[in-house]
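Engineer: Protein chains in written order, with my numbering: chain X, -2 to 259; chain H, 6 to 283.
Beta carbons: idealized from backbone N, C-alpha and C, even for Gly.
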């Protein structure tokens, strides 16, 4: 199977205290190198479960995840995750610089190279001068930027983002969306962006994967044929954007009713 | 899926400690209260409300204290007590932290040790005095045994609470970035447990002093406790009180010292940093 990241026949069943919950039934999709794919689905559809399986944090019941053709059995070195709960994902006992640097210490890099990567990553999220601060001295949006910088410095092949902007205010969110688009275009990294926000998925993605309600399957795959240059004002009022978001919205409504993809 | 915005989830370790914002009035009230107490200690025996034989006025205690301070033997006794305290505390802290982290990291150990800990912990250290005497007589080791036994549990229990407090998101973040077990212990588990450890050390430091003095008093191991005992048996009542005052001051200093260390080490922690306006 082609693709940088491929998920095939993934199934996850939680068993516990006499209850058996099938969170994911059968998921198959691939993400090519350099793509920006958004995963969107109704709430409770197992997005986080899927992401944790891909990140090697959870073992699937069956099926497999391949990164560059190699099965993922634990957290793979070529992958970084940005979590929704930035306040808990950043370590309050470390300064911003140390937070970004910590994962790099697991790699065979010289001290100079580490410093370069940290400074470069912080600059590219616009936080070059916050390196000496503690995360809790920063606003929510800035904290999430730090988490993104930490992921960038790690130089992953694939960046997984789990509803990263669900907890920030709307204006910050728009800025962060443009930041992610910008980083994706400048750095050519592959991004898989999980969200429950349809507009966000359409605005950000080159491709949108619509998931069904739990037990989850892929409801639909949709190519986003909007121009590469996107703009919070113009893109969001473009007729094509409206068509796409309406389409995704309908798919999600259908998914909630349990109708198979059209 | 959790949608809540969680900024202030870090539960407080042990009793809430407020960053000092004393204000002049509080300091003045405190000083006035202490002065009042001292005056009372002087006046009550002088007025004959209690017998001066058993409760000498403050001025005589102060005289005795000055005499003590000039005596080389006093300083030796103080050194002995502090040695027992510091050594015992150091052993208890090291052992408590190591045991706590190992129990936390090895999954089945927690269940396996829980009931044993709950059984051993409530045994008062002083109940072990006969055993200590049998084993070590009046040596320093007797004191150490009691000090270590009493303070070890304070540390261990706090470490066990602390390691349970690791945030799953922080843990997953560390795992996703490929941090191994040791790196996660060092960078996630240890800093998370540190506020609890600090509380444990502060409590243990106080308990260790109590046990060091108790052991000297009862067993007769050299130190301030033994000196109090000698003063009492030789009817040197003001000297006895002077030594009691010294042990009190020691306790005070130890507590202040422990709090200072705590504040320095936990500058990042919510209990110390307070609310930050963003």
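1) If contacts are defined as beta-carbon pairs under 8 Å, then residue 256(H) and residue 202(H) qualify, I think. What distance do you get, rounded to the angstrom?
2) I want to know whether the segment 243 to 251 of chain H touches the segment 217 to 234 of chain H - three or more CB-CB distances under 8 Å.
3) Can you grab the Cα-Cα spacing for the pair residue 199(X) / residue 242(X), in whole Å?
4) Just the Cα atoms here: how many angstroms apart are residue 224(X) and residue 189(H)?
5) Are there 16 or more other CB atoms within 10 angstroms of the CB of residue 262(H), so buried, or fewer, so exposed?
6) Would residue 184(H) pass as an interface residue toward chain X - the criterion being a Cβ-Cβ separation below 8 Å?
7) Do residue 188(X) and residue 156(X) have their C-beta atoms closer together than 8 Å?
8) Applying a beta-carbon distance threshold of less than 9 Å, which residues of chain X neighbour residue 180(H)?
9) Go to residue 23(X), then tell me how far its beta strand (DSSP E) extends in each direction, as first and last residue.
10) Which residues, in chain order, does the segment 145 to 173 of chain H contribute to contact with chain X at a C-beta distance below 7 Å?
11) In the DSSP assignment, find the beta strand (DSSP E) that holds residue 217(X) and state where it starts and stops.
12) Answer with buried or exposed for residue 220(X), where buried requires no fewer than 16 other C-beta atoms within 10 angstroms of its C-beta.
13) Please state the DSSP three-state secondary structure of residue 120(X).
14) If you measure beta-carbon to beta-carbon, which residues of the segment 103 to 115 of chain X are closer than 9 Å to chain H?
15) Based on the DSSP output, what are the partners of residue 3(X) in its beta bridges?
16) Using CA coordinates, which residue listed in 207(X), 247(X), 142(X) and 33(X) is at the minimum distance from residue 184(X)?
17) Span of the beta strand (DSSP E) holding residue 35(X)?
18) Whole beta strand (DSSP E) runs in the segment 130 to 188 of chain H with 3 or more residues, listed along the chain?
19) I'd like to check one pair, residue 191(X) with residue 48(X): are the Cβ atoms closer than 8 Å?
20) Could you check if residue 21(X) is buried or exposed, using at least 16 other CB atoms within 10 Å of its CB as the buried criterion?
21) With distances taken between CB atoms, is the gap from residue 151(X) to residue 89(X) smaller than 8 Å?
22) Which runs of the alpha helix (DSSP H), 4 residues or longer, sit entirely within the segment 122 to 170 of chain X?
23) Comparing alpha-carbon positions, which option in 179(H), 37(H) and 145(H) lies nearest residue 222(H)?
24) Any contact of the segment 147 to 159 of chain H with the segment 91 to 102 of chain H, i.e. 3+ C-beta pairs under 8 Å?
25) Exposed or buried, residue 13(H), counting other C-beta atoms within 10 Å across all chains shown (16 or more means buried)?
26) Nearest to residue 96(X) by alpha carbon, out of 167(X), 107(X), 81(X) and 116(X)?
27) How would you list, in chain order, the residues of chain X whose beta-carbon sits under 9 Å from the beta-carbon of residue 196(H)?
28) CA-CA distance, residue 89(H) and residue 205(H)?
29) Between which two residues does the beta strand (DSSP E) carrying residue 77(X) extend?
30) Just the C-alpha distance for residue 160(X) and residue 111(H), rounded to the nearest angstrom, thanks.
31) Taking 8 Å as the threshold (C-beta atoms), are residue 245(X) and residue 205(X) in contact?
Structural biologist: According to the structure shown:
1) For the purposes of this step, residue 256(H) is taken as the residue at position 251 of the second chain. For the purposes of this step, residue 202(H) is taken as the residue at position 197 of the second chain. Not really, about 21 Å apart at Cβ, beyond 8 Å.
2) Enough Cβ pairs lie closer than 8 Å, so yes.
3) Against the first chain, residue 199(X) aligns to sequence position 202. Against the first chain, residue 242(X) aligns to sequence position 245. The C-alpha of residue 242(X) is placed about 6 Å away from the C-alpha of residue 199(X).
4) For the purposes of this step, residue 224(X) is taken as residue 227 along the first chain, with counting starting at 1. For the purposes of this step, residue 189(H) is taken as residue 184 along the second chain, with counting starting at 1. Straight-line Cα distance between these residues: approximately 44 Å.
5) Walking along the second chain from the start, residue 262(H) turns up at place 257. The residue in question, residue 262(H), is exposed, as its Cβ has fewer than 16 Cβ neighbours within 10 Å.
6) The sequence position of residue 184(H) within the second chain is 179, counting from 1. Flagged as an interface residue toward chain X: residue 184(H), by a C-beta distance shorter than 8 Å.
7) What you label residue 188(X) is simply residue 191 of the first chain in a count that begins at 1. What you label residue 156(X) is simply residue 159 of the first chain in a count that begins at 1. In this structure, residue 156(X) lies closer than 8 Å to residue 188(X) by Cβ.
8) By 1-based counting over the second chain, the position of residue 180(H) is 175. Taking a Cβ-Cβ cut-off of 9 Å, the neighbours of residue 180(H) in chain X comprise 52, 53, 54, 71 and 72, given in sequence order.
9) For the purposes of this step, residue 23(X) is identified with residue 26 of the first chain, where counting begins at 1. Per DSSP, the unbroken beta strand (DSSP E) holding residue 23(X) starts and ends at 16 to 28.
10) Residues of the segment 145 to 173 of chain H whose Cβ lies closer than 7 Å to any Cβ of chain X, in chain order: 172.
11) For this step, residue 217(X) is matched to residue 220 along the first chain. Residue 217(X) -> beta strand (DSSP E) spans 213 to 220.
12) Walking along the first chain from the start, residue 220(X) turns up at place 223. So residue 220(X) counts as exposed.
13) On the first chain, position 123 is the one that residue 120(X) refers to. Of the three classes helix, strand and coil, the one that applies to residue 120(X) here is helix, per DSSP.
14) Within the segment 103 to 115 of chain X, the residues whose Cβ lies closer than 9 Å to some Cβ of chain H are 103 and 104, listed in chain order.
15) The count along the first chain starts at 1 and reaches residue 3(X) at position 6. For residue 3(X), which the question treats as bridged, DSSP gives the partners 27(X) and 63(X).
16) As a position in the first chain, residue 184(X) is number 187, starting the count at 1. For residue 184(X), the nearest C-alpha among the options comes from 33(X).
17) If you number the first chain from 1, residue 35(X) lands on position 38. Residue range 33 to 37 is occupied by the beta strand (DSSP E) that includes residue 35(X).
18) For the segment 130 to 188 of chain H, not a single whole beta strand (DSSP E) run of length 3 or above is found.
19) By 1-based counting over the first chain, the position of residue 48(X) is 51. By 1-based counting over the first chain, the position of residue 191(X) is 194. The answer is yes: Cβ separation under 8 Å.
20) As a working mapping, residue 21(X) is identified with position 24 in the first chain. Here residue 21(X) is buried, its C-beta having at least 16 other C-beta atoms within 10 Å.
21) Position 154 of the first chain, counted from the start, is the residue given in the question as residue 151(X). Position 92 of the first chain, counted from the start, is the residue given in the question as residue 89(X). At a Cβ-Cβ threshold of 8 Å, residue 151(X) and residue 89(X) do not count as neighbours.
22) Qualifying alpha helix (DSSP H) stretches, in chain order: 137 to 150.
23) In the second chain, counting from the first residue as 1, residue 222(H) sits at position 217. For residue 222(H), the closest of 179(H), 37(H) and 145(H) by C-alpha to C-alpha distance is 145(H).
24) In this structure the segment 147 to 159 of chain H touches the segment 91 to 102 of chain H; the number of beta carbon pairs closer than 8 Å is three or more.
25) Counting from 1 along the second chain, the entry for residue 13(H) is found at position 8. Caution is warranted here: a pLDDT of 39 is assigned to residue 13(H), below 50, making its placement in the model unreliable, and no coordinate value can be reported.
26) Stepping through the first chain from its first residue, residue 96(X) is reached at position 99. The residue with the shortest Cα to Cα distance from residue 96(X) is 116(X).
27) As a first step, residue 196(H) must be located in the second chain, where it is residue number 191. Those within 9 Å of residue 196(H) in chain X are 88, 89, 90 and 91.
28) Taking the first residue of the second chain as 1, we reach residue 89(H) at position 84. Taking the first residue of the second chain as 1, we reach residue 205(H) at position 200. Roughly 19 Å separates the two Cα atoms.
29) Along the first chain, read from residue 1 onward, the residue named residue 77(X) stands at position 80. The continuous beta strand (DSSP E) containing residue 77(X) extends over residues 76 to 79.
30) By one-based count along the first chain, residue 160(X) stands at place 163. By one-based count along the second chain, residue 111(H) stands at place 106. If I take the Cα positions, the gap works out to 33 Å.
31) By 1-based counting over the first chain, the position of residue 205(X) is 208. By 1-based counting over the first chain, the position of residue 245(X) is 248. Yes. Within cutoff.
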